[in-house]
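First comes the structure, then the notes that go with it.
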Amino acid sequence: MSIQTPKGTRDILPSEIHLWHFVESKVQEIFEVFGYHEIRTPIFEHTELFVRGVGDTTDIVEKEMYTFADKGGRSLSLRPEGTASIVRACIQNRLLDTLPVLKLYYTGQMFRYERPQAGRYREFWQAGVEAFGSANPLLDAEVIDLAYELLADLGLKQLSVQINSLGDDACRPAYTRKLLEYIERHLDDLCGKCVGRYERNPLRVLDCKEAECRTIMVDAPKSLDHLCEDCQQHFEQVQHFLNDLEVDYAVNPYVVRGLDYYTRTAFAVVASGLGAQDEVLGGGRYDKLVESLGGKPTPGVGFAFGLDRLILALEAQGVDLLEPHPCDVYIAAIGTEAEKVALKLSHTLRQQRIKTDMEFAGRSLRAQMKTANKIHARYTILLGDNELARNTVVLRNMQSGDQSEISQMELMETLLEKLNCCSSP
RNA sequence: GUGAGUGUAGCUCAGCUUGGUAGAGCGCUUGACUGUGGAUCAAGUGGUCGUGGGUUCAAAUCCCAUCACUCACCCCA
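Sequential numbering from 13 applies to the first sequence in the numbering used here.
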């Protein structure tokens, strides 16, 4: 067996690349319409950044990071998510002082050492936005609106936007104590996994999928009911603004983000057709993250979504994406003399940015026509001894089957006219 | 890290129960049609049966190990 891609990685093949181009260009367009600027950060960082930024008790940091020592003995890690790096870049380059609200977006590969399954890879693509500098619920609403607009514009149907509030330093500790007390009373009836969660991150007992646990947790205290005055007001305003924007959302007290840095607003978008991993986008507010990484206190809000999952969902939902026409003209040449002319001819056509390809294998005309058909060439130029003797070519429309012999002199003009008059099928 | 399923031609898969010379469809090449694709027909091309070991006169088939992939748990995008 020859060498394969490492577990959890894969090739994105020419036959599917148009989906990626479509999504990437749409992402760039919508993000920029909302005022975001692209930033690119390294694919590996000092391990310490993720330990402090993402949280040292999270699964991501505890067991999913690709961590290694470089030749200088530094501990480095492939990035498992985007936000920590963006915050680091903002602090390092003093970007936070440049604008009252700084809006950044990014796209790129992330790495997590997990067992792969449908919609989950060890190397996966994420795109996301981060907006720094304002705690205003207007900004939360705008970010959620952006997420919704983006996914809807890409053609995703059956989207479910779910929002929650996790509270802040003022109310979260008291709430967590109440939750712990409640769980403690029901510890014997919860599944074994939840007993573990109780010790490490009690919030996550709330989104256990075991029927037994769900029943018990229905009556558990929710963060929503224990918000302090400020958080309560903030969350109400976020909802108010979302209503104004006509974003279709639902309040879901079970939306609990897996990363430590979230405060107040948390949200997720779930799409159909993805199997078990159906959360396509997740985000929220992180008002303490910047200072915890050594910057001046700066509120932030953002989200990230998985491009792999998004594309899976688009395919599963049968979203029809036109494949751009890969070939305008295929030159079928019969004989070595004709091949020489074909090479020069293709050179000239390409200078006019006509997508041109030709035969290189010296096969029969029939075989060449088959290839022209297979690659969906719009026109075929036939070039053989007859045409060479007369300085002509035969130009064939591959859709209608009409063809005519024209002089090589008028070929370019005719072709440009035909290609421009009707757009690609 | 845990559990289940699957590895046979470039692709999709049959054959395995009950061991006996490696199969089909699609693709590709060629021809019918000596210079015309999308249809049909024919021929041809193509496989260390994931890998290693064991049982046997004989293993794709039975046994053991191992690797890979897939799905699910966990967790998340």
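No residue lacks a Cβ here, since even glycine has one placed at the ideal position from N, Cα and C.
Span separating the alpha-carbon of Arg362 from that of Thr368: Locating residue 362 in the first sequence gives position 350, counting from the first residue. Locating residue 368 in the first sequence gives position 356, counting from the first residue. Roughly 6 Å between the two C-alpha positions.
Specify, as a first and last residue, the run of the beta strand (DSSP E) that Asn176 falls within. Taking the first residue of the first sequence as position 1, residue 176 is located at position 164. In this chain, the beta strand (DSSP E) harbouring Asn176 covers 172-177.
Cβ-heavy atom distance between Cys243 and the ligand PLP below 8 Å? Inclusion of the ligand PLP in the displayed structure is not the case, the ligand content being empty and no account of it being possible.
Backbone CA spacing between Leu114 and Gly120 [nearest angstrom]: The residue you call residue 114 lines up with position 102 of the first sequence. The residue you call residue 120 lines up with position 108 of the first sequence. Whole-angstrom Cα-Cα distance: 20 Å.
Report all residues from its chain with a CB closer than 7 Å to the CB of Ile24; omit the five preceding and five following residues, and keep chain order. Translated into positions along the first sequence, residue 24 becomes position 12. Trp32.
With DSSP collapsed to three states, give me the class of Leu486. Residue 486 is absent from the model: the chain starts at 13 and stops at 437.
Is Lys386 helix, strand or coil by DSSP? Here residue 386 refers to the residue found at position 374 when the first sequence is read from its first residue. Taken through DSSP and simplified to helix, strand or coil, Lys386 comes out as helix.
Could you tell me if Ile98 is buried or exposed, where buried requires 16 or more neighbouring beta carbons within 10 angstroms of its beta carbon? Mapped onto the first sequence, residue 98 falls at position 86. Under this definition Ile98 is a buried residue.
Of the choices Glu193, Pro311, Glu41, Gln329, whose alpha-carbon is the least far from that of Asp231? One-based indexing of the first sequence puts residue 231 at position 219. Per the Cα distances, Glu193.
How is the beta strand (DSSP E) around Gln138 delimited, first residue to last? As a first step, residue 138 is located in the first sequence; it is residue number 126 there, counting from the start. Here the beta strand (DSSP E) through Gln138 covers 135-144.
Please tell me whether Leu111 and Gly145 are closer than 9 Å, where the distance is taken between their beta carbons. Residue mapping note: residue 111 aligns to position 99 of the first sequence, counting from 1. Residue mapping note: residue 145 aligns to position 133 of the first sequence, counting from 1. Annotated as proximal: Leu111 and Gly145, with beta-carbon spacing under 9 Å.
When DSSP labels each residue in this structure, what does Pro437 get in the three-state scheme? Sequence index remark: in the first sequence, residue 437 carries index 425 (1-based). Residue placement at Pro437 is flagged as unreliable, the pLDDT there being 43, under the threshold of 50; the coordinate-derived value follows with that caveat. For Pro437, the secondary structure class from DSSP, reduced to helix, strand or coil, is coil.
Nonlocal neighbours in the same chain, by C-beta distance under 7 Å from Phe253, ignoring five residues either side: Here residue 253 corresponds to residue number 241 of the first sequence, with the count starting at 1. Excluding five sequence positions before and after Phe253, the CB atoms of its chain that fall closer than 7 Å to its own CB belong to Pro149, Leu150, Ala153, given in chain order.
Do you know offhand how far Gln104's Cα is from Gly65's? The count along the first sequence starts at 1 and reaches residue 104 at position 92. The count along the first sequence starts at 1 and reaches residue 65 at position 53. Taking the straight line from one Cα to the other gives about 15 Å.
Using only the alpha-carbon positions, how far apart do Gly20 and Lys75 sit? Reading the first sequence from its first residue, position 8 is the one you call residue 20. Reading the first sequence from its first residue, position 63 is the one you call residue 75. Their backbone Cα atoms lie some 16 Å apart in a straight line.
Can you tell which of Val217, Glu196, His198 has the C-alpha that lies nearest to the C-alpha of Cys206? One-based indexing of the first sequence puts residue 206 at position 194. With distances taken between CA atoms, Cys206 lies nearest to Val217 out of Val217, Glu196, His198.
Identify the residues that DSSP records as bridge partners of Met122: which are they? Along the first sequence, read from residue 1 onward, the residue named residue 122 stands at position 110. Per DSSP, Phe136.
Starting from Ser464, trace the alpha helix (DSSP H) in both directions and tell me its first and last residue. In this structure the chain extends from 13 to 437, so residue 464 is not present and cannot be described.
Excluding the 5 residues flanking Glu422 on each side, which residues of the same chain have their C-beta closer than 6 Å to its C-beta? By 1-based counting over the first sequence, the position of residue 422 is 410. Within the same chain, Glu422 has no close Cβ partners at all.
So, with DSSP's three-state summary, where would you put Tyr187? One-based indexing of the first sequence puts residue 187 at position 175. In the structure shown, Tyr187 sits in a helix (DSSP, three-state: H, G or I).
Verify whether the separation of the beta carbon atoms of Val341 and Ala389 is less than 9 Å. Walking along the first sequence from the start, residue 341 turns up at place 329. Walking along the first sequence from the start, residue 389 turns up at place 377. Taking 9 Å as the Cβ cut-off, Val341 and Ala389 qualify as a contacting pair.
Please work out which residues of its chain come closer than 8 Å, Cβ to Cβ, to Asp157, disregarding the five sequence neighbours upstream and downstream, and give them in chain order. Sequence index remark: in the first sequence, residue 157 carries index 145 (1-based). Excluding the 5 residues flanking it on each side, Asp157 has same chain C-beta neighbours closer than 8 Å at Leu254, Leu257, Val259, in chain order.
Quick one: residues in its chain with C-beta nearer than 6 Å to the C-beta of Gln415, no 5 flanking neighbours on either side, listed in chain order? Position 403 of the first sequence, counted from the start, is the residue given in the question as residue 415. Hits under 6 Å: Val406, Arg408.
Just confirm the distance between the C-beta atoms of Phe315 and Val141, as a whole number of angstroms; I'd bet it's less than 8 Å. Mapped onto the first sequence, residue 315 falls at position 303. Mapped onto the first sequence, residue 141 falls at position 129. 6 Å between Cβ atoms; contact.
How would you write the range of the alpha helix (DSSP H) that Asp165 sits in, first residue to last? Residue numbering aside, residue 165 sits at position 153 when the first sequence is read from its first letter. Segment 149-165, the alpha helix (DSSP H) holding Asp165.
Can you find the residues in the same chain that come closer than 8 Å, C-beta to C-beta, to Arg52, ignoring five residues on each side of it along the sequence? Position 40 of the first sequence, counted from the start, is the residue given in the question as residue 52. Around Arg52: Tyr118, Gly120.
Selected residue, minimal CA-CA separation from Val313, among Gln174, Asp397, Leu116: Counted from its first residue, the first sequence places residue 313 at position 301. Relative to the Cα of Val313, the nearest Cα in the group Gln174, Asp397, Leu116 belongs to Leu116.
Element boundaries [alpha helix (DSSP H), containing Leu301]: Counting from one through the first sequence, the residue named residue 301 turns up at place 289. Bounds of the alpha helix (DSSP H) holding Leu301 are 301-304.
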